[in-house]
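Worksheet: the structure to be examined is printed underneath.
Protein chains: 2
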Amino acid sequence: MSATQRYHHGDLRRALLDAAVTLIAEVGPAATSLRELARRTQVSHAAPAHHFGDKTGLLTAVAVQGFDLLTAELRATAEHTGSFVEVGVAYVRFAVSHPAHFATMFRTDLLRADDPDLCAAEARAREVLHTSVARAGVTRPGEDPRVTALAAWSLVHGFASLWSSGSVRDQSTGQHPEELARAVARVLSHRQPES
Amino acid sequence: MSATQRYHHGDLRRALLDAAVTLIAEVGPAATSLRELARRTQVSHAAPAHHFGDKTGLLTAVAVQGFDLLTAELRATAEHTGSFVEVGVAYVRFAVSHPAHFATMFRTDLLRADDPDLCAAEARAREVLHTSVARAGVTRPGEDPRVTALAAWSLVHGFASLWSSGSVRDQSTGQHPEELARAVARVLSHRQPES
DNA sequence: GCCGGAATCTTGTCAATGACTAGATGCCGG
DNA sequence: CCGGCATCTAGTCATTGACAAGATTCCGGC
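As given, the protein sequences belong to chains A and B, one line each in that order.
Each residue of the first sequence is one higher than the last, beginning at 1 in the UniProt record's numbering.
Each residue of the second sequence is one higher than the last, beginning at 1 in the UniProt record's numbering.
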């Protein structure tokens, strides 16, 4: 019996998650349907519900995976470059290279916002950003470090959101998103270019 | 015959739009249903489709209204205070005080992204932001003014998005969103407090 | 080896929804 | 006053999410 036809799939949860990311990238998180997902994975229409409970559960799982991927990307960049600007660029790079995940991660109306795994994954990503800002020393005397970190997060998150929604592309300076994001991030970074 | 029972409603489009904003505020744009909307407005289940075509059309109309409201708020603040920081705060204030509109305006997967009215309304809002940044003189020598404006837009949009998604509230400094937004906006504004 | 419980997956079903069609109603200009 | 037309209703169909019940397979204990 071939692997695709046996009763027990073996790793259906992962297969569904992968197919979900593809589907979300095509039609967006809202229009993603559990039944289309099942169809593409060649399983019955109720199989996804068994693994994720409901649609909210599926998207929450995608969001958790997204936060984990983001954390890894940010952490690697922070350790490799030590640059706050580059961590910000990495945030944008993640959003551009994982559009389905990014489009899902902050849609609180489609997610189980109180899911423990989701909260933990989000906290880990936030932690990396905060330490990155703290070590960069961009906080000025008298400035609340939390406010500085929030400003940095807002800047890169806003750019990533606007880029993802297509609001930036049409009027952009013609640069690639990473280069444009770097220029934008430098505006905040004491307004001095980091070598 | 009472106004609510006559065949021709008189101003059904506006009534539907108002009800839609309320409904979106309760369940989010994705879960907003044309039929529930019709039920609340006491009309048949197909009436909304006549005015807006389909669900996408309804949400697009809400988004257009949102951009117009945003433009008015930004313009009033720009003329009244002349402060770039305050215009940014006004952006956040709009997002907080009109959560349904803000939650809809950038959901490109739920909108008619190529709708002429939508594009025009968005362009008007962007125009106000750009001129506000240009007049504030926050652009440093050698800095592309478009990049400065984009950074400012990203900052306030990111903060508004994170606040709306609840990512900021739990770890915030306990301030009201406007005050927190002002502190965040000041980080970008030459890093010097205005006034 | 095998047996029973549990996890996995399927089939069947129901209400709700979006979209479409045809038709009813009331307004407005000539 | 009448005819066209915008407005709104009623009916219908495919799709979807959610649930219930049952079939299949895996796994640990004996």
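Cβ coordinates follow ideal geometry from the N, Cα and C atoms, glycine included.
Inter-residue Cα distance where the pair is residue i and residue j
i, j, result
"valine 21 of chain A", "glutamate 127 of chain A", "25 Å"
"serine 195 of chain B", "valine 85 of chain B", "In this prediction, serine 195 of chain B has a pLDDT of 40, which is less than 50 and means its spatial position is unreliable; nothing more can be read from the coordinates."
"aspartate 54 of chain A", "phenylalanine 102 of chain A", "20 Å"
"alanine 100 of chain B", "histidine 51 of chain A", "32 Å"
"alanine 134 of chain A", "aspartate 109 of chain A", "32 Å"
"arginine 169 of chain B", "leucine 111 of chain B", "28 Å"
"valine 147 of chain A", "aspartate 117 of chain A", "26 Å"
"aspartate 144 of chain B", "valine 138 of chain B", "11 Å"
"leucine 74 of chain A", "arginine 186 of chain A", "17 Å"
"valine 27 of chain A", "serine 164 of chain B", "23 Å"
"residue 237 of chain A", "proline 177 of chain A", "Only positions 1 to 195 of chain A appear in the structure, and residue 237 of chain A is not among them; the question remains open."
"threonine 81 of chain B", "leucine 188 of chain B", "18 Å"
"arginine 140 of chain B", "serine 132 of chain B", "15 Å"
"leucine 58 of chain B", "alanine 46 of chain B", "13 Å"
"aspartate 115 of chain B", "alanine 15 of chain B", "22 Å"
"alanine 31 of chain B", "arginine 13 of chain A", "25 Å"
"leucine 129 of chain A", "cysteine 119 of chain A", "15 Å"
"alanine 76 of chain B", "alanine 136 of chain B", "16 Å"
"proline 29 of chain A", "threonine 104 of chain A", "6 Å"
"alanine 49 of chain A", "glutamine 175 of chain B", "41 Å"
"glutamate 36 of chain B", "alanine 25 of chain B", "14 Å"
"glycine 166 of chain A", "glycine 10 of chain A", "39 Å"
"threonine 56 of chain B", "glutamate 79 of chain B", "34 Å"
"threonine 60 of chain A", "valine 87 of chain A", "25 Å"
"leucine 23 of chain A", "phenylalanine 106 of chain A", "18 Å"
"alanine 72 of chain A", "serine 83 of chain A", "16 Å"
"valine 184 of chain B", "valine 184 of chain A", "16 Å"
"leucine 34 of chain B", "glycine 142 of chain B", "51 Å"
Partner residues on chain B for residue i, Cβ-Cβ distance less than 8 Å
i, result
"histidine 80 of chain A", "Those do not exist, as histidine 80 of chain A stays about 24 Å from chain B at its closest Cβ, beyond 8 Å."
"leucine 188 of chain A", "Ala151, Leu155, Val187, Leu188"
Listed by chain order, chain A residues near residue i by CB distance under 8 Å
i, result
"valine 21 of chain B", "Residues of chain A passing the Cβ test: none, with the nearest at roughly 15 Å."
Contacts that residue i makes with chain B (C-beta to C-beta distance below 7 Å)
i, result
"alanine 113 of chain A", "Gly166"
"glycine 28 of chain A", "Asp109"
Inter-residue CB distance, residue i and residue j (contact presumed, cutoff 8 Å)
i, j, result
"glycine 66 of chain B", "serine 161 of chain A", "Not a contact, Cβ separation roughly 15 Å."
"leucine 155 of chain A", "leucine 155 of chain B", "5 Å"
"valine 62 of chain B", "arginine 182 of chain B", "Actually they are not in contact, since the Cβ atoms of valine 62 of chain B and arginine 182 of chain B sit about 28 Å apart, beyond 8 Å."
"valine 64 of chain B", "alanine 113 of chain B", "Contact flag wrong, Cβ pair sits at about 12 Å."
Within chain B, partners of residue i - CB distance below 9 Å
i, result
"alanine 183 of chain A", "Glu143, Asp144, Val147, Leu150, Ala151"
Where residue i meets chain A, residues with beta-carbon distance less than 9 Å
i, result
"serine 161 of chain B", "Phe106, Ser154, His157, Gly158, Ser161"
"alanine 31 of chain B", "Ala30, Asp109, Leu110"
Contacts of residue i in chain A (Cβ-Cβ under 7 Å)
i, result
"alanine 134 of chain B", "Result: empty, since nearest Cβ-Cβ is about 14 Å, beyond 7 Å."
Residue i beta carbon near the ligand COA (any heavy atom closer than 7 Å)
i, result
"glutamate 122 of chain A", "Of ligands this structure carries none, so the ligand COA is not represented either."
Runs of beta strand (DSSP E) lying entirely within the region 145-189 of chain B, each at least 3 residues, in chain order: none
Three CB pairs or more closer than 8 Å across the region 94-105 of chain B and the region 137-152 of chain B: The region 137-152 of chain B and the region 94-105 of chain B do not touch, with fewer than three beta-carbon pairs separated by less than 8 Å.
Segment contact flag, the region 10-24 of chain A with the region 39-49 of chain A, C-beta cutoff 8 Å, min 3 pairs: yes
Continuous alpha helix (DSSP H) assignments of at least 4 residues falling wholly in the region 69-145 of chain B: With a minimum length of 4 residues, the continuous alpha helix (DSSP H) runs that stay inside the region 69-145 of chain B are 84-97, 99-105, 116-136.
Segment contact flag, the region 111-126 of chain B with the region 67-84 of chain B, C-beta cutoff 8 Å, min 3 pairs: Because the criterion of three Cβ pairs below 8 Å is met, the region 111-126 of chain B and the region 67-84 of chain B touch.
Beta strand (DSSP E) runs contained entirely in the UniProt DNA-binding region "H-T-H motif" (33-52) of chain A, provided each spans 3 or more residues: none
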